[in-house]
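Position 302 of the sequence shown, counted from 1, bears residue number 436 in my numbering, the numbering being contiguous throughout.
Beta carbons are placed, not taken as given, at the ideal position from N, Cα and C, and that holds for glycine.
See structure below.
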Amino acid sequence: MFSYRHAFHAGNHADVLKHFIQVQLHKYMNQKDTAYTYIDTHAGAGVYALDSAQAVKSGEYVDGIARLWGRDDLPPALADYVNLVRTLNPSGKLRWYPGSPWVADAEARLEDRLRLFELHPADIRVLAENVRKLEAHHAEQGERARGRRILVEHADGFHGLKALLPPPSRRALVLIDPPYEVKLDYKHVRDALEEALKRFPAGMYAVWYPVLQRMESRQFPDRLKRLPAKEWLHVTLSVAGPRADGNGLHSSGMFILNPPYTLEAILRETMPYLVQVLGQDAGATFRIEKGTQVTGAVAAHSGPRQPVGNARRASPLSGGGSLRLPGQAFGDGARTRKEGEGADQRAPRAPRTEAKGAPRGPVKRNGSGRS
Ligand code: SAM
Numbered sequence: 135m136f137s138y139r140h141a142f143h144a145g146n147h148a149d150v151l152k153h154f155i156q157v158q159l160h161k162y163m164n165q166k167d168t169a170y171t172y173i174d175t176h177a178g179a180g181v182y183a184l185d186s187a188q189a190v191k192s193g194e195y196v197d198g199i200a201r202l203w204g205r206d207d208l209p210p211a212l213a214d215y216v217n218l219v220r221t222l223n224p225s226g227k228l229r230w231y232p233g234s235p236w237v238a239d240a241e242a243r244l245e246d247r248l249r250l251f252e253l254h255p256a257d258i259r260v261l262a263e264n265v266r267k268l269e270a271h272h273a274e275q276g277e278r279a280r281g282r283r284i285l286v287e288h289a290d291g292f293h294g295l296k297a298l299l300p301p302p303s304r305r306a307l308v309l310i311d312p313p314y315e316v317k318l319d320y321k322h323v324r325d326a327l328e329e330a331l332k333r334f335p336a337g338m339y340a341v342w343y344p345v346l347q348r349m350e351s352r353q354f355p356d357r358l359k360r361l362p363a364k365e366w367l368h369v370t371l372s373v374a375g376p377r378a379d380g381n382g383l384h385s386s387g388m389f390i391l392n393p394p395y396t397l398e399a400i401l402r403e404t405m406p407y408l409v410q411v412l413g414q415d416a417g418a419t420f421r422i423e424k425g426t427q428v429t430g431a432v433a434a435h436s437g438p439r440q441p442v443g444n445a446r447r448a449s450p451l452s453g454g455g456s457l458r459l460p461g462q463a464f465g466d467g468a469r470t471r472k473e474g475e476g477a478d479q480r481a482p483r484a485p486r487t488e489a490k491g492a493p494r495g496p497v498k499r500n501g502s503g504r505s
């Protein structure tokens, strides 16, 4: 049950996609004064050491964040994200990588609330310790939130989400990022979203998923498109074409329900650059599509994929700048991101902050609520 450890994957291309989008979702939420609740159903450890045994063993960050690290031509959304990673690495050497809780802490305001769920017995301890140090750091800076700003729970995030909706301020940003170790995770995500939309239709929900050959993964986006959200936006990043042996994770997606109206343009600007810089072969590509429950009319399909159900209402927006080869099926991908790691159950040397020499990482704030 607990073979997945995010420390092996921290900072890889899938994290780059997920976290650069997460930063933009926070920036959008920060534009209104009313506080919001950030809910991270699968929080992980919070911070990762890129020189830990796990990260070194997999080396995945080398083809992810490390490829962006020295660039001086980043599009604005990637500059936001890389700058956030820089706050963790003030010496300029890339050594620490922020997980989604750290990204949330850095981007959300003092009045916003962070609710973090993690089930792994080792990662929950590390997460709790990282959060304790973050809060101590805020207190030292004189940043005092009213009440508990960050709550960490050793609990199932799918259940936790249900209990938190609707949030008191009627504003929520939810990140759902399970390991997909078991195929039931796909169903759990869909079911959790269905329930969440009933309880709180106005929430912003972002789901990460691996684009794989397995049926559950291939059908997943179309299942999400049929959920009763007003709008959705779907983006995938493939850094390579599928390998003959089917191994490795080469492609992943973010599916956002009730996305910011600004996000599509940001993705259009950013994704071609990511394909160029993270792409490993001619199979590197991106795809953006969007849809709505209301208009349902735009249906300019391209490519070989035949959408079904509500997917017919989608408007695929991939293209310009994509390196996808003609005839290459969208969604062709790789295997699960946990491939080959199941045996290593050792506790990570990873996520530590100040206590073991990690920088405190000055926390960026957005002041009074306008970014
Ligand atoms: N969101 C994190 C980030 O971006 O930094 C990474 C999370 S990692 C992909 C998935 C995490 O979910 C793992 O740490 C795993 O232990 C945890 N997990 C698995 N099933 C869970 C569940 N039902 N509820 C909460 N956490 C769970």
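Does DSSP classify Y407 as helix, strand or coil? helix
Of the choices V260, G193, P394, L248, whose alpha-carbon is the least far from that of R282? L248
For Y162 versus P313, is the C-beta distance shorter than 8 Å? Contact flag unset, no.
When you compare only the Cα positions, how much space is there between I199 and A148? Between I199 and A148, the alpha-carbon positions lie close to 10 Å from each other.
Just to confirm my understanding: we take L361, look at its own chain, exclude 5 residues before and 5 after, and list those with CB closer than 8 Å. What are they? Taking L361 as the centre and dropping the five residues before and after it, the same chain places the C-beta of R324, L327, E328, L331, L391 closer than 8 Å to its C-beta, in chain order.
State the DSSP-derived secondary structure class of K321, mapped to helix, strand or coil. Residue state for K321 is assigned as helix, using DSSP reduced to three classes.
Own chain partners of E277 with C-beta closer than 7 Å, once the 5 adjacent residues on each side are dropped: Within the same chain, E277 has close Cβ partners L244.
Should M349 be labelled buried (16 or more other beta-carbon atoms within 10 Å of its own) or exposed? exposed
Limits of the unbroken alpha helix (DSSP H) element including Y215: Here the alpha helix (DSSP H) through Y215 covers 210-222.
For S234, which three-state DSSP category applies? Assignment of S234 by DSSP, reduced to helix, strand and coil, places it in the helix class.
In this structure, how does DSSP classify L228 when only helix, strand and coil are distinguished? coil
Simplified DSSP state of E365, which is helix, strand or coil: strand
My output table needs one value for Y395: the three-state DSSP class, helix, strand or coil. Assigned with DSSP and collapsed to three states, Y395 falls in coil, not helix or strand.
Report yes if the C-beta of A340 is less than 7 Å from at least one heavy atom of the ligand SAM; otherwise report no. no
Using a threshold of 7 Å, is the CB atom of A177 nearer than that to any non-hydrogen atom of the ligand SAM? yes
Would you call the region 301-318 and the region 338-353 in contact, with 3 or more CB pairs under 8 Å? yes
Determine the DSSP secondary structure at P255, reduced to helix, strand or coil. helix
Mapping the DSSP letters down to three states, classify Y138 as helix, strand or coil. Per DSSP, reduced to three states, the secondary structure at Y138 is coil, with no helix or strand assignment.
Please list the terminal residues of the continuous alpha helix (DSSP H) segment that includes R283. Per DSSP, R283 is not a residue of any alpha helix (DSSP H), being assigned neither H nor E.
Taking the straight line between their C-alpha atoms, what separation do you get for A273 and Q347? 47 Å
Check whether the Cβ of H140 sits closer than 7 Å to any heavy atom of the ligand SAM, and report yes or no. Yes; taking the cut-off as 7 Å, the Cβ of H140 has a heavy atom of the ligand SAM nearer than that.
If you check the beta carbons only, do A189 and E252 fall under 8 Å apart? no
Pair within 8 Å by beta-carbon distance, A169 and D246: yes
Local conformation of K152 per DSSP, three classes: helix
Please report how far the alpha carbon of Y218 lies from the alpha carbon of V237, in whole angstroms. The question names Tyr, but residue 218 is Leu in the sequence shown. L218 and V237: Cα-Cα distance of roughly 8 Å.
Between S192, Y343, S372, which lies nearest to K317 when the distance is taken from Cα to Cα? Y343
Shorter than 7 Å, the distance from the beta carbon of P344 to the closest heavy atom of the ligand SAM, or not? no
Taking just the CA atoms, how far does L285 sit from Y215? 24 Å
Which residues DSSP lists as bridging W342, in chain order: M388
Mind checking who Y182 pairs with in its DSSP beta bridge? Y231
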